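A.B. asks:
Number of protein chains: 2
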Amino acid sequence: MAATVAAFPVRVSHALAQAMQGARIVRQASPENLESDFGALSEFITPTEQHYVRSHFAVPQVDIAAWTLQVRGAVGQPLTLTLEQLRALPKVSKVVTLECAGNGRVFLNPAVGGVQWERGAVSTAEWTGVRLADLLAKAGVATDATRVAFEGMDKGDVKNTPLPAGPITFHRSVSIEDAKARDVFVAYAINGQPLPAAHGAPARLIVPGCYGMASVKWLSSIEAIKGEFGSYWESTDYAYWDRSTGRPLRRPLMGMQVKSSIAKPSPNGQVARGATTEIVGAAWSDGTVTRVEVSTDGGATWRDAEFIDPESAVTWRRWRLKWQVPATGSEAVLMTRATDAKGRTQPMTRNNDYGTYVIHHVVPITVKIT
Amino acid sequence: MAATVAAFPVRVSHALAQAMQGARIVRQASPENLESDFGALSEFITPTEQHYVRSHFAVPQVDIAAWTLQVRGAVGQPLTLTLEQLRALPKVSKVVTLECAGNGRVFLNPAVGGVQWERGAVSTAEWTGVRLADLLAKAGVATDATRVAFEGMDKGDVKNTPLPAGPITFHRSVSIEDAKARDVFVAYAINGQPLPAAHGAPARLIVPGCYGMASVKWLSSIEAIKGEFGSYWESTDYAYWDRSTGRPLRRPLMGMQVKSSIAKPSPNGQVARGATTEIVGAAWSDGTVTRVEVSTDGGATWRDAEFIDPESAVTWRRWRLKWQVPATGSEAVLMTRATDAKGRTQPMTRNNDYGTYVIHHVVPITVKIT
Chain A
1 MAATVAAFPV
11 RVSHALAQAM
21 QGARIVRQAS
31 PENLESDFGA
41 LSEFITPTEQ
51 HYVRSHFAVP
61 QVDIAAWTLQ
71 VRGAVGQPLT
81 LTLEQLRALP
91 KVSKVVTLEC
101 AGNGRVFLNP
111 AVGGVQWERG
121 AVSTAEWTGV
131 RLADLLAKAG
141 VATDATRVAF
151 EGMDKGDVKN
161 TPLPAGPITF
171 HRSVSIEDAK
181 ARDVFVAYAI
191 NGQPLPAAHG
201 APARLIVPGC
211 YGMASVKWLS
221 SIEAIKGEFG
231 SYWESTDYAY
241 WDRSTGRPLR
251 RPLMGMQVKS
261 SIAKPSPNGQ
271 VARGATTEIV
281 GAAWSDGTVT
291 RVEVSTDGGA
301 TWRDAEFIDP
311 ESAVTWRRWR
321 LKWQVPATGS
331 EAVLMTRATD
341 AKGRTQPMTR
351 NNDYGTYVIH
361 HVVPITVKIT
Chain B
1 MAATVAAFPV
11 RVSHALAQAM
21 QGARIVRQAS
31 PENLESDFGA
41 LSEFITPTEQ
51 HYVRSHFAVP
61 QVDIAAWTLQ
71 VRGAVGQPLT
81 LTLEQLRALP
91 KVSKVVTLEC
101 AGNGRVFLNP
111 AVGGVQWERG
121 AVSTAEWTGV
131 RLADLLAKAG
141 VATDATRVAF
151 EGMDKGDVKN
161 TPLPAGPITF
171 HRSVSIEDAK
181 ARDVFVAYAI
191 NGQPLPAAHG
201 APARLIVPGC
211 YGMASVKWLS
221 SIEAIKGEFG
231 SYWESTDYAY
241 WDRSTGRPLR
251 RPLMGMQVKS
261 SIAKPSPNGQ
271 VARGATTEIV
281 GAAWSDGTVT
291 RVEVSTDGGA
301 TWRDAEFIDP
311 ESAVTWRRWR
321 LKWQVPATGS
331 EAVLMTRATD
341 AKGRTQPMTR
351 NNDYGTYVIH
361 HVVPITVKIT
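Residue numbers (UniProt numbering), protein chains in the order written: chain A, 1 to 370; chain B, 1 to 370.
1) Which term fits A/R11, buried or exposed, when burial requires 16 or more other beta carbons within 10 angstroms of its beta carbon?
2) So, for A/D242: in the same chain, excluding its five sequence neighbours on each side, which residues have a beta-carbon less than 6 Å away from its beta-carbon?
3) Report back the beta-carbon spacing between A/V174 and A/R147 to the nearest angstrom; my notes put them in contact at under 8 Å.
4) Please classify B/D154 as buried or exposed, where buried requires at least 16 neighbouring CB atoms within 10 angstroms.
5) Is the beta carbon of A/R320 less than 8 Å from the beta carbon of A/D309?
6) Is A/R105 close to chain B, meaning its C-beta is less than 8 Å from at least one C-beta of that chain?
7) Can you tell me whether A/A2 is buried or exposed? The criterion is at least 16 other CB atoms within 10 Å of its CB, across all chains shown.
8) Please confirm whether A/L249 has its beta-carbon closer than 8 Å to some beta-carbon of chain B.
9) Let me confirm a value: A/N33 is counted as buried when at least 16 other C-beta atoms fall within 10 Å, else exposed. Which label applies?
10) Verify whether the separation of the beta carbon atoms of A/T45 and A/V95 is less than 8 Å.
11) What would DSSP say about B/S42, mapped onto helix, strand or coil?
12) What would DSSP say about A/V106, mapped onto helix, strand or coil?
13) Are the C-beta of B/W218 and some C-beta of chain A separated by less than 8 Å?
14) In the region 131-205 of chain A, which residue ranges form an unbroken beta strand (DSSP E) of at least 3 residues, counting only runs that do not cross its ends?
15) Could you give the residue range of the alpha helix (DSSP H) that holds B/Y232?
16) From what residue to what residue does the beta strand (DSSP E) around A/A23 run?
17) My understanding is that A/T277 touches A/V325, with C-beta atoms under 8 Å, so please give their C-beta distance in whole angstroms.
18) So is A/T97 buried or exposed if we call it buried at 16+ other beta carbons inside 10 Å?
19) Output yes or no for whether 8 Å exceeds the beta carbon distance between B/R105 and B/F38.
20) Helix, strand or coil for B/L253, going by three-state DSSP, please let me know.
21) Can you tell me the Cβ-Cβ gap for A/G129 and A/I206, rounded? I've got them flagged as a contact below 8 Å.
22) Jot down the residue ranges of each uninterrupted beta strand (DSSP E) in the region 53-134 of chain B, minimum 3 residues, whole runs only, in chain order.
23) Spatial neighbours of A/I262 within its chain, please: C-beta separation below 7 Å, excluding the five flanking residues on both sides.
24) Counting only C-beta atoms, is A/D353 closer than 8 Å to chain B at any point?
25) Among the residues of its own chain, which have a CB less than 8 Å from the CB of A/S231, if the five just before and after it don't count?
26) Go through its chain and collect everything with a Cβ distance to A/T356's Cβ below 8 Å, but skip five positions before and after it.
27) Buried or exposed for residue 375 of chain B, please, with buried defined as at least 16 other CB atoms from any protein chain shown within 10 angstroms of its CB.
28) Just to confirm, is the Cβ distance from A/L83 to A/Y188 under 8 Å?
29) Looking at C-alpha atoms only, which residue of A/D286, A/N351 and A/A197 is the closest neighbour of A/A338?
30) On the three-state DSSP scale, how would you describe A/A341?
31) For A/T48, list the residues DSSP reports as bridge partners.
32) Which partner residues does A/A283 have in the DSSP bridge list?
33) What is the rounded straight-line gap between the Cα of A/S13 and the Cα of A/S93?
34) Could you check the C-alpha separation between A/S295 and A/A332 for me, to the nearest Å?
35) With a cut-off of 8 Å on the beta carbons, I'd call A/P167 and A/T236 a contact; round off their distance for me.
36) Would the beta-carbon of residue 380 of chain A fall within 8 Å of that of A/G73?
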């Protein structure tokens with residue numbers, strides 16, 4: 001237990017080689033994996049050029065004039081929609097927080113492979129597009145369809161075993177039930193502008209409340225399915241061992257677990273001895289976050305933070321707390337834990353059945369008192 | 001393509017360190033993984049002490065007097081049966097061929113990890129027990145149950161990623177439909193005798209026509225399930241990439257693919273120049289094998305072999321063919337390919353979406369002419 005609440009691993013440091021691209025940290029140049037500067041956290045809506053980017057493969061070459069979206073499978077009338085036709089359908093705009101399922105991976109101890117995200121693979125944007133429910137209704141989805149599969153145009157070789165032979169596209173599915181409950185939509189705009197290539201132009205899925213991998217980019221087809229699916233991206237990668245039946249069963253990652261993260265002060269940063277400062281952060285889950293508690297003494301005592309943003313089930317809520325820095329001592333260990341309306345509180349310890357994903361346990365950070 | 005029909009890999013040789021235990025080859029001593037001597041193939045029914053043994057973990061300590069079998073989950077009336085109560089139920093006896101899904105793994109090129117089975121992880125026995133359908137009917141299985149999960153008492157740490165945290169039991173599931181179609185049963189006897197410990201005493205599952213991993217040993221519970229299952233043993237291990245929809249989807253291994261294997265002459269064995277000899281082997285699938293063809297010239301020409309055993313959907317059929325060994329040359333490349341009543345013929349090339357399992361493509365063997 002102690003290991004999981006140890007102070008911030010020393011290998012996490014902005015002193016590590018990190019090229020900056022605009023306000024983002026380049027975790028991987030090719031394919032492009034860019035982390036937002038979570039320490040800034042100045043806005044509720046992340047400016048597009050600061051939104052994190054997660055890519056599995058190179059950005060696909062898409063001829064937008066020739067691009068179409070297929071709606072097919074267990075439907076009465078398959079559809080082929082141009083971008084113009086998609087834009088002509090009734091539209092919806094929603095502010096949604098997306099978090100990469102691997103956000104915080106650098107905090108895992110022992111270290112694991114994969115993109116070494118720190119705090120910033122989470123961002124909030126307003127997305128505009130067409131409801132999946134409208135597209136499925138237009139295509140006449142079969143009443144006994146159980147899932148909807150989404151395929152992207154990005155393709156390449158994968159790394160995790162068990163390996164399928166040869167390159168594959170990114171494709172994933174959502175249950176019909178979950179798609180309805182989460183009001184999934186196909187977005188063609190972010191923050192009022194057409195999608196940039198890195199965000200899946202010309203259209204991508206948005207699955208509110210789910211880890212980012214569910215929101216398939218460079219969308220090429222939507223397929224209604226009867227029965228099970230089980231792609232590489234939900235059985236090998238982006239899946240976890242569910243123990244709810246007592247035995248570990250492989251399940252696709254979906255909803256974001258409740259999590260809070262400290263933006264200011266920075267890990268290993270400095271605070272002035274005896275001064276009054278502010279601890280600021282954000283918290284999110286796939287339900288409304290109702291409480292954030294902060295400890296400045298390594299978990300011995302906790303105080304409730306104040307929310308900056310209103311209640312929302314699909315976006316983060318920024319929060320703050322005034323802190324009287326001690327007049328003695330050389331460092332302090334800060335922790336934060338959130339609770340949501342579903343009654344879930346961040347755990348103090350890591351659940352290894354999540355593999356290299358869902359890093360939402362309480363991660364203490366150490367700040368220097370100078 | 002050429003690589004997959006190359007001559008028998010030189011690393012396969014009985015000159016390799018192989019302790020013999022009775023008539024079986026010890027591929028791994030602990031846990032016990034024993035291969036039958038396929039080169040012998042003298043009997044239709046493999047004597048129990050020659051039947052192959054596949055163990056994932058140490059043989060569990062079972063107090064047979066205290067042992068019970070649970071029938072639970074989506075049932076109206078859960079059952080707890082002692083061995084005596086199980087034996088008192090209407091019984092069925094069936095001759096069934098079981099093949100380990102990794103049988104022939106040593107022939108893969110490049111080499112892969114796992115128990116290096118050659119030809120003998122396949123055997124045929126008469127099993128006696130109680131029909132699963134009878135047990136489910138007695139427990140009042142729900143009409144909307146979709147799968148049945150089976151749990152063994154053997155437990156340990158697993159090796160293949162993605163890894164569940166900590167030791168797990170061996171457990172697996174079969175769809176209700178498949179369980180009916182295959183007439184699955186719980187066996188407490190092999191070849192008329194109580195099960196030996198290595199074969200799952202006091203009771204194990206038998207899933208006729210399926211690779212051996214479906215026939216869970218040391219059975220402790222039978223659980224009716226609504227919805228998906230997806231254990232380690234059917235998502236990570238013992239699964240394959242199904243391309244039938246165009247995309248690789250992870251599916252549990254189940255039915256045995258059509259396969260034939262040469263018992264005599266042995267790989268790298270000798271035949272007398274110009275003599276008349278007999279090529280003997282067996283063929284099986286999860287459907288009746290209807291044809292076996294043999295080539296003695298590396299696949300240039302093929303002749304039909306004659307069956308020794310009668311038609312059967314759930315057992316092997318031994319076959320033979322008279323062969324006039326050439327009067328010239330120093331070696332011959334022998335091949336065999338089977339076809340079953342489902343219209344499937346052994347492929348000439350390896351499908352890598354099977355990972356380290358289902359080695360059923362045509363594997364040429366070379367014999368020396370002396």
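Ideal Cβ placement from N, Cα and C applies to all residues, glycine included. This one's a predicted model, so the numbers in the text were calculated from it and none came from an experiment.
C.D. replies: A quick look at the data gives this:
1) Counted from its first residue, the first sequence places residue 11 of chain A at position 11. With a pLDDT of only 43 at A/R11, under the threshold of 50, the placement of this residue in the model should not be trusted; the figure read from the coordinates follows. Exposed: under 16 other Cβ atoms inside 10 Å.
2) As a first step, residue 242 of chain A is located in the first sequence; it is residue number 242 there, counting from the start. Answer for A/D242: L249 and R251, listed in chain order.
3) Along the first sequence, read from residue 1 onward, the residue named residue 174 of chain A stands at position 174. Along the first sequence, read from residue 1 onward, the residue named residue 147 of chain A stands at position 147. Contact flag correct, Cβ pair sits at about 7 Å.
4) Sequence index remark: in the second sequence, residue 154 of chain B carries index 154 (1-based). Residue burial is scored here from C-beta neighbours: B/D154 has at least 16 other C-beta atoms within 10 angstroms and is therefore classed as buried.
5) In the first sequence, the residue the question calls residue 320 of chain A occupies position 320. In the first sequence, the residue the question calls residue 309 of chain A occupies position 309. Contact: no.
6) In the first sequence, counting from the first residue as 1, residue 105 of chain A sits at position 105. For A/R105, no CB of chain B lies under 8 Å from its own CB, so it is not counted at the interface with that chain.
7) Here residue 2 of chain A refers to the residue found at position 2 of the first sequence. In this prediction, A/A2 scores a pLDDT of 33, lower than 50, which makes its location untrustworthy; no coordinate-derived value is stated.
8) The residue labelled residue 249 of chain A in the question sits at position 249 within the first sequence. Cβ-Cβ to chain B under 8 Å: yes for A/L249.
9) On the first sequence, position 33 is the one that residue 33 of chain A refers to. A/N33 is buried by the Cβ-count criterion.
10) On the first sequence, residue 45 of chain A is found 45 positions in, with the first residue counted as 1. On the first sequence, residue 95 of chain A is found 95 positions in, with the first residue counted as 1. Reading the sequence as shown, one finds Ile at residue 45 of chain A and not Thr. The answer is yes: Cβ separation under 8 Å.
11) To locate residue 42 of chain B, count along the second sequence from 1; it is residue 42. B/S42 carries a coil assignment under DSSP once its states are collapsed to helix, strand and coil.
12) Counting from 1 along the first sequence, the entry for residue 106 of chain A is found at position 106. A/V106: helix per DSSP, three-state reduction.
13) One-based indexing of the second sequence puts residue 218 of chain B at position 218. It does not; no Cβ of chain A falls within 8 Å.
14) Within the region 131-205 of chain A, the complete beta strand (DSSP E) runs of at least 3 residues are 147-156, 168-175 and 185-190.
15) The residue labelled residue 232 of chain B in the question sits at position 232 within the second sequence. For B/Y232, the enclosing alpha helix (DSSP H) has its first and last residue at Y232 to S235.
16) On the first sequence, position 23 is the one that residue 23 of chain A refers to. Element bounds for A/A23: n/a, residue is neither H nor E.
17) Looking up residue 277 of chain A in the first sequence gives position 277. Looking up residue 325 of chain A in the first sequence gives position 325. Right, their Cβ atoms sit about 6 Å apart.
18) Against the first sequence, residue 97 of chain A aligns to sequence position 97. So A/T97 counts as buried.
19) The residue you call residue 105 of chain B lines up with position 105 of the second sequence. The residue you call residue 38 of chain B lines up with position 38 of the second sequence. No. Outside cutoff.
20) Residue mapping note: residue 253 of chain B aligns to position 253 of the second sequence, counting from 1. Here B/L253 sits in coil by DSSP.
21) Looking up residue 129 of chain A in the first sequence gives position 129. Looking up residue 206 of chain A in the first sequence gives position 206. A/G129 to A/I206, Cβ: 7 Å. Contact.
22) Complete beta strand (DSSP E) runs here, min 3: 68-73, 79-82, 92-99 and 122-131.
23) For this step, residue 262 of chain A is matched to residue 262 along the first sequence. If the five residues before and after A/I262 are omitted, its C-beta is found closer than 7 Å to the C-beta atoms of I279, G281, L334, T336 and I365, all from its own chain and listed in chain order.
24) To locate residue 353 of chain A, count along the first sequence from 1; it is residue 353. At least one chain B Cβ lies under 8 Å of A/D353.
25) Residue numbering aside, residue 231 of chain A sits at position 231 when the first sequence is read from its first letter. Cβ neighbours of A/S231 beyond the five flanking positions: A149, H171, R172 and S173.
26) Position 356 of the first sequence holds residue 356 of chain A. In chain order, G102, R105, L108, V112, G113 and G114 place their CB closer than 8 Å to the CB of A/T356, counting only its own chain and leaving out the 5 sequence neighbours on each side.
27) In the structure displayed, chain B extends from 1 to 370; residue 375 of chain B sits before or after that span and is not available.
28) Taking the first sequence and counting its residues from 1, the one referred to as residue 83 of chain A is at position 83. Taking the first sequence and counting its residues from 1, the one referred to as residue 188 of chain A is at position 188. Yes.
29) Translated into the one-based positions of the first sequence, residue 338 of chain A becomes position 338. Considering only alpha carbons, the answer is A/D286.
30) Mapped onto the first sequence, residue 341 of chain A falls at position 341. A/A341 falls in the coil class under three-state DSSP.
31) The residue you call residue 48 of chain A lines up with position 48 of the first sequence. According to DSSP, A/T48 bridges with nothing at all.
32) Within the first sequence, the letter at position 283 stands for residue 283 of chain A. A/S260 and A/R317.
33) Position 13 of the first sequence, counted from the first residue, corresponds to residue 13 of chain A. Position 93 of the first sequence, counted from the first residue, corresponds to residue 93 of chain A. Residue placement at A/S13 is flagged as unreliable, the pLDDT there being 42, under the threshold of 50; the coordinate-derived value follows with that caveat. Looking at the two C-alpha atoms, the distance is approximately 37 Å.
34) As a working note, residue 295 of chain A is residue 295 in the first sequence. As a working note, residue 332 of chain A is residue 332 in the first sequence. Taking the straight line joining both Cα atoms gives about 10 Å.
35) Indexing the first sequence from 1 puts residue 167 of chain A at position 167. Indexing the first sequence from 1 puts residue 236 of chain A at position 236. A/P167 to A/T236, Cβ: 15 Å. No contact.
36) Outside the shown range of chain A, which is 1 to 370, sits residue 380 of chain A, and nothing can be said about it.
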